[in-house]
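In what follows, a structure is listed as structure tokens, so that the remarks can point back to it.
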Amino acid sequence: MSLLGPIDDEEVPLRVARSRPVGFPDAQVGSVLVVGSGTWIDARGEKRAEHRLVELTVAPDAPGFWAELAVFHDIWSPFDFRGLRHPEVEQQNAPRLAVALRALDALLGVTAEPGEPTYFGRAEGHGTKPPDLVDGRGPDVTDLL
Numbered sequence: 026m027s028l029l030g031p032i033d034d035e036e037v038p039l040r041v042a043r044s045r046p047v048g049f050p051d052a053q054v055g056s057v058l059v060v061g062s063g064t065w066i067d068a069r070g071e072k073r074a075e076h077r078l079v080e081l082t083v084a085p086d087a088p089g090f091w092a093e094l095a096v097f098h099d100i101w102s103p104f105d106f107r108g109l110r111h112p113e114v115e116q117q118n119a120p121r122l123a124v125a126l127r128a129l130d131a132l133l134g135v136t137a138e139p140g141e142p143t144y145f146g147r148a149e150g151h152g153t154k155p156p157d158l159v160d161g162r163g164p165d166v167t168d169l170l
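Using the numbering used here, read the sequence shown as starting at 26 and increasing by one per residue.
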């Protein structure tokens, strides 16, 4: 469902509940995936719009409430997906990710736990872990883009 306003609008839970399939009147929400556009800042300081910059999945059901934040860009790391250094891009964006993760920690009342590493990288603290270097470069992961 598309949201035209903020996700924390009091109307959102009512819209989610009304979206229950007619054939399953007792269905409960298992999880909610929040997908939208985000903004990142390039090496020159220009803001760039990006679809699916991050995704937030929230599951309010048993065995307990959980949330997962997934990032889909190389802007959080000191290296781009080709393995080339781009410290200006990381300096513009990594702190913004850290602030967002700390805000999520505060909202949920728990400290985030890093998820499983992926081909593209791994979480560490409130950011991404720098990759292992080979001859001063990060890994080239463009083969899966």
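C-beta atoms are modelled at their ideal positions from N, C-alpha and C, and glycine is treated no differently.
Check for me: the alpha helix (DSSP H) holding residue i runs from which residue to which?
i, result
"ALA125", "112-133"
Can you give me the start and stop residues for the beta strand (DSSP E) that residue i sits inside?
i, result
"VAL159", "Run containing VAL159: none; DSSP gives neither H nor E here."
"GLU41", "Per the sequence shown, the amino acid found at residue 41 is Val instead of Glu. Per DSSP, VAL41 belongs to no beta strand (DSSP E); it is in the alpha helix (DSSP H), 37-43."
"SER52", "Sequence check: residue 52 is Ala here, not Ser. That residue, ALA52, is in no beta strand (DSSP E); it is neither H nor E in DSSP."
"TRP91", "91-96"
If we count the other Cβ atoms within 10 Å of its Cβ and call it buried at 16 or more, is residue i buried or exposed?
i, result
"VAL114", "buried"
"VAL60", "exposed"
"HIS76", "exposed"
"GLY63", "buried"
"GLY134", "exposed"
"PHE90", "exposed"
"THR153", "buried"
"ASP34", "exposed"
"VAL124", "exposed"
"VAL47", "exposed"
"SER27", "exposed"
"ASP99", "buried"
"LEU78", "buried"
Based on the DSSP secondary-structure assignment, which residues constitute the bridge partners of residue i?
i, result
"ARG69", "For ARG69, which the question treats as bridged, DSSP gives no partner whatsoever."
"GLU80", "VAL60 and ALA95"
"GLU75", "GLY63"
"THR153", "ALA148"
"THR143", "GLY146"
"PHE104", "ARG110"
Can you give the beta carbon distance from residue i to residue j, rounded, assuming they're within the 8 Å contact cut?
i, j, result
"VAL83", "VAL41", "About 11 Å; that fails the 8 Å criterion."
"GLY150", "PRO156", "Not quite, the Cβ-Cβ distance comes to about 15 Å (not below 8 Å), so this is no contact."
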